[in-house]
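There are 2 protein chains.
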Amino acid sequence: MNGLTQYATYLENQISGLKLDDEPRNLFDTLKYFLSLGGKRMRPILTLISGEIFSIAKEESIHAALSIELFHNFSLIHDDIMDEAPVRRGKPTVHTKWNSNIALLSGDLLYIEAYQQLVNYTDHRLPLLLKRFNETAIEVCQGQQFDMDFESMETVSESEYIEMIRLKTSVLLGCALEFGAILGNQDEKIRRNLYEFGVSLGIAFQIQDDILDLYGDPELFGKQVGGDVLSNKKTLLFLKAKENAQKNNDDRFRQLTQMTANSHKVEHAKTLFEEIGAKEASLQAMNGYYDHAMGNLEQLEQKGLKTETLRELAKFLITREL
Amino acid sequence: MNGLTQYATYLENQISGLKLDDEPRNLFDTLKYFLSLGGKRMRPILTLISGEIFSIAKEESIHAALSIELFHNFSLIHDDIMDEAPVRRGKPTVHTKWNSNIALLSGDLLYIEAYQQLVNYTDHRLPLLLKRFNETAIEVCQGQQFDMDFESMETVSESEYIEMIRLKTSVLLGCALEFGAILGNQDEKIRRNLYEFGVSLGIAFQIQDDILDLYGDPELFGKQVGGDVLSNKKTLLFLKAKENAQKNNDDRFRQLTQMTANSHKVEHAKTLFEEIGAKEASLQAMNGYYDHAMGNLEQLEQKGLKTETLRELAKFLITREL
Numbered sequence: 642m643n644g645l646t647q648y649a650t651y652l653e654n655q656i657s658g659l660k661l662d663d664e665p666r667n668l669f670d671t672l673k674y675f676l677s678l679g680g681k682r683m684r685p686i687l688t689l690i691s692g693e694i695f696s697i698a699k700e701e702s703i704h705a706a707l708s709i710e711l712f713h714n715f716s717l718i719h720d721d722i723m724d725e726a727p728v729r730r731g732k733p734t735v736h737t738k739w740n741s742n743i744a745l746l747s748g749d750l751l752y753i754e755a756y757q758q759l760v761n762y763t764d765h766r767l768p769l770l771l772k773r774f775n776e777t778a779i780e781v782c783q784g785q786q787f788d789m790d791f792e793s794m795e796t797v798s799e800s801e802y803i804e805m806i807r808l809k810t811s812v813l814l815g816c817a818l819e820f821g822a823i824l825g826n827q828d829e830k831i832r833r834n835l836y837e838f839g840v841s842l843g844i845a846f847q848i849q850d851d852i853l854d855l856y857g858d859p860e861l862f863g864k865q866v867g868g869d870v871l872s873n874k875k876t877l878l879f880l881k882a883k884e885n886a887q888k889n890n891d892d893r894f895r896q897l898t899q900m901t902a903n904s905h906k907v908e909h910a911k912t913l914f915e916e917i918g919a920k921e922a923s924l925q926a927m928n929g930y931y932d933h934a935m936g937n938l939e940q941l942e943q944k945g946l947k948t949e950t951l952r953e954l955a956k957f958l959i960t961r962e963l
Numbered sequence: 642m643n644g645l646t647q648y649a650t651y652l653e654n655q656i657s658g659l660k661l662d663d664e665p666r667n668l669f670d671t672l673k674y675f676l677s678l679g680g681k682r683m684r685p686i687l688t689l690i691s692g693e694i695f696s697i698a699k700e701e702s703i704h705a706a707l708s709i710e711l712f713h714n715f716s717l718i719h720d721d722i723m724d725e726a727p728v729r730r731g732k733p734t735v736h737t738k739w740n741s742n743i744a745l746l747s748g749d750l751l752y753i754e755a756y757q758q759l760v761n762y763t764d765h766r767l768p769l770l771l772k773r774f775n776e777t778a779i780e781v782c783q784g785q786q787f788d789m790d791f792e793s794m795e796t797v798s799e800s801e802y803i804e805m806i807r808l809k810t811s812v813l814l815g816c817a818l819e820f821g822a823i824l825g826n827q828d829e830k831i832r833r834n835l836y837e838f839g840v841s842l843g844i845a846f847q848i849q850d851d852i853l854d855l856y857g858d859p860e861l862f863g864k865q866v867g868g869d870v871l872s873n874k875k876t877l878l879f880l881k882a883k884e885n886a887q888k889n890n891d892d893r894f895r896q897l898t899q900m901t902a903n904s905h906k907v908e909h910a911k912t913l914f915e916e917i918g919a920k921e922a923s924l925q926a927m928n929g930y931y932d933h934a935m936g937n938l939e940q941l942e943q944k945g946l947k948t949e950t951l952r953e954l955a956k957f958l959i960t961r962e963l
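In order, the protein sequences belong to chains P and L.
Offset between the first sequence (1-based) and this note's numbering: plus 641.
Offset between the second sequence (1-based) and this note's numbering: plus 641.
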C-alpha cells in the first residue's frame, strides 16, 4: 500500500496549499480548520488512481480529485449540523466550535470551492465533468434526506436502506472514479464500469461499517462500539435481524429495541444478531456487492486496462473475514 | 415596461416548468413551494435583456438566467434560516413550514440545480460562465458573513457597509448582466461595463431600500415601516446619522438607539435623520451609484450597443424623488 500513502501525502499537501481568501475570518478560518482535520482522503485518491489508468498525470487529475474531496467535506459540515454531531475526526464539529450559521455558510462556501476546482478544465471535458458532478451531488442530498426520513419511519425495507446508502455515500465514490475516465476521454462503457465498481465497493464498505459498529474491535475501529444498536438505527444488520425474527416468531428482537441504551443492550444485540443469522446475512450482502465491484474490474481488465491498484485498494478497504 | 412584463411571464413559465425529481418528497415539495412564491425575477430578467443586446434569443439565454435565479433562491432559503425569518414574500419560510434541516438540505439541492442549468452550454462559453458564477457565489457568501458579523460589531464604517451590500446583493446583478455578454462572446471591456452597471445599480437599489424602509409608503413598499430603525440596524442611513451626530455633538442619535422599539422611535428617527442630514446624504450616495451605473451604459452606447431597455429598467427600479 506504499502507492496509496504517496497519493495521500500528495493530496494532503495540495489541500493544505489551497488558495483561499482570508476575509471574513469567521468563514475562511472555519474552512481551513475543517480541511485540516484530515480523513482517509479515499475519494480523491480514487480519482488519481483512475486517472493514472488512462495516463493522466496526478498534476492534471488533482483538480477533479479536489472537487470531490471539497464536496465531501461540504456535505460533512452540513450533515453534522443536521445530525447535531458534536465531534468529527476527534475534534469539535464546525457548528460546535463556531455556531450553526457559520457552519451553514462555510459549508456553502466550500461547495463553491469544489466547483471552482472544475474550472481548471477549460476544454471539451468540462461539460461532462460538471454534469456528472451535479447529478451525483443531487443524489447525495437525496440520500441524506432519505436517511433523515428513515429515523421517523416505522418500517424501512432492505432495498430502501440499500438505495439510501447508495445515494448518500456510494455514488460519490463512483463519480470519483468516473472522473478519471472522463479526463482520459474514455467511452461510456468504461466510465460505467469504473462507476459501478465504485458504487458497489461503496455499498459493501457501508455494510461493513454497519457490521463493525457492533462487532468491530473498538481500538481498531476508532468509534464507540454499538452506537447504532443503542439508538435503534435501521442499519442492514438491524433490518436483517428484524426480518429473521418475524419469520421465526422470535420475540427477542422486539425486546431488544425496547431495552434501555447501555452496554448490556449492546452485548445482547451481539449475541442475538449472530444467533438469528443477521450477521451472516449482512456479510453475504456485503460480499455480494464486493463481488459485483470485482466483476466490473474484470471487465476493465479484459479491455487491457491495468486495475491492479484498484484491486489492492478494494482488498484493503473490505476485510473479508469478520 | 411592457417588455419587462413579457420577460417576467416567460420566466415564470420556465420556472414552473422546471423538471425536478419527486422523491424524497420532503426535499422536492419544499423547492417547488419556494420557487412558486414568486418575486420580481429581476436578476434573470437582466440576463435575458443583456443577452438580447447581443442577439442571443431568450430560448438560449434562459438557462443562464435560471442559474442566477435558482442561486438567488438558494441564498434566500439559507439566509432565512440564519436570520430566523418567519416570513418570505408573505408566506411562511421553508424552515418555518418544514424545519431547519429540510431547509438547509433543500437549499443545497437548489444550488446544485443552479449549476445544472449551466450544463446546457456545452461549448467554449462554459468555462467562463462557470468561473464567474463561482466567483460571484463566493462573494455573496462573504457578504452574508460580513452582514452577520456587523450585528455584533460596535463600529462599522460606511465603506465597510457599502462593501457588504456590494458583495451580498449587488455582484449577483452584475453577474446576471455579464452572463448575457459571455453568451454573446463579448470582450472583457464590454463584459466589465455591463457588470459595473449591474453592481452600481444594485448598490443604489439597496441604499434606496434602506431609505424606503423608513420613509417609504407602507402600502407601496409592502413591508413594515421602520423595521431597520427598531432593531438599530447599521444601514447607510443609520451610519450617516451617527457620523453627522458625532460631528455636531448632537446627543439625539445616541438617545434614539437606546429607545424602546415602538412607533414613537420610528417617528423620532424619521425627523432626526432628516434634520441631521442623513437622509440627504444617503440620497446623494444613492444618486452617485446610479450615475456611475449610467456612465457604464453610456460607454456601451458609444460602442453602438442598444441599451434602451436597461436604461428603462434602471429608471423603473430607482425613484429619483424620495
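Beta carbons are placed, not taken as given, at the ideal position from N, Cα and C, and that holds for glycine.
Note that the structure is a prediction, hence the values are computed from the model and not measured.
Alpha carbon of residue i to alpha carbon of residue j, nearest angstrom
i	j	result
N714/L	E653/L	14 Å
G868/L	T898/L	13 Å
N903/P	Q865/P	12 Å
L661/P	I686/P	22 Å
R832/L	G825/L	10 Å
E804/L	L745/L	26 Å
S702/P	M935/L	45 Å
S738/P	A726/P	Note on residue identity: the sequence assigns Lys, not Ser, to residue 738/P. Their Cα atoms are separated by approximately 11 Å.
A705/P	Y648/L	37 Å
H765/L	A882/P	55 Å
H933/P	I806/P	16 Å
S696/L	Y752/L	28 Å
Chain-ordered neighbours of residue i on chain L, where CB pairs are closer than 7 Å
i	result
A778/P	I753
A763/P	Going by the sequence as given, residue 763/P is Thr instead of Ala. Result: P768.
I722/P	L745
Q847/P	Near Q847/P there are no residues of chain L at all, since even the closest Cβ is about 19 Å away, more than 7 Å.
Contacts of residue i in chain P (Cβ-Cβ under 7 Å)
i	result
L767/L	L767, P768
N667/L	Q786, D790
M794/L	Here the premise fails: no neighbours, minimum Cβ distance about 11 Å.
N775/L	I753, Y756, Q757, V760
N742/L	M723, M789
Residue i vs residue j beta-carbon contact at 8 Å
i	j	result
D720/P	Q785/P	yes
I722/L	S741/L	yes
R730/P	G680/P	yes
S971/P	I718/P	Any question about residue 971/P goes unanswered here, given that chain P covers just 642 to 963.
T960/L	G644/L	no
N775/L	Y756/P	yes
L668/P	Q940/L	no
I779/L	K947/L	no
A926/P	L877/P	yes
L771/L	V907/P	no
N834/P	N928/P	no
Cβ-based neighbour list, residue i, same chain, cut-off 7 Å, excluding 5 preceding and 5 following
i	result
T769/P	As written in the sequence, residue 769/P is Leu, which differs from the Thr given in the question. Once the five neighbours on either side are set aside, the close Cβ partners of L769/P are I823.
K732/P	L678
L750/L	L668, L672
Within chain P, partners of residue i - CB distance below 8 Å
i	result
H719/L	L745, L746, D749
Q865/L	Here the premise fails: no neighbours, minimum Cβ distance about 24 Å.
Own chain residues within Cβ distance below 8 Å of residue i, not counting five before or after
i	result
Y930/P	S841, L842, I844, A845, I848
L880/L	V797, S798, E799, Y802
D663/P	F669
Partner residues on chain L for residue i, Cβ-Cβ distance less than 8 Å
i	result
K911/P	Correct list: empty, because the minimum Cβ distance to chain L is about 32 Å.
8 Å contact criterion, which residue i and residue j should meet: CB distance rounded
i	j	result
E801/P	G815/P	Not quite, the Cβ-Cβ distance comes to about 20 Å (not below 8 Å), so this is no contact.
I743/P	T671/P	6 Å
G821/P	T688/P	5 Å
V812/L	V781/L	7 Å
N890/P	G918/P	15 Å between Cβ atoms; not a contact.
K875/L	F787/L	The Cβ separation is near 11 Å, so there is no contact.
R773/L	E819/L	6 Å
K911/P	L954/P	The pair is not a contact, with the Cβ atoms about 30 Å apart (cut-off 8 Å).
I709/L	A817/L	5 Å
L767/L	L767/P	6 Å
Cβ-based neighbour list, residue i, same chain, cut-off 6 Å, excluding 5 preceding and 5 following
i	result
R754/L	Before going further, note that residue 754/L is Glu rather than Arg in the sequence given. Result list for E754/L: L711, in chain order.
L871/P	A902
K920/L	F914
T810/P	G843, Q847
Chain-ordered chain C contacts of residue i [CB-CB under 8 Å]
i	result
K772/P	You won't find chain C in this structure, because its protein chains are P and L.
Near the ligand FAD: residue i beta-carbon under 7 Å from a heavy atom
i	result
A705/L	Ligands in the displayed structure: none, and consequently the ligand FAD is not present.
Where residue i meets chain L, residues with beta-carbon distance less than 9 Å
i	result
C816/P	Result: empty, since nearest Cβ-Cβ is about 13 Å, beyond 9 Å.
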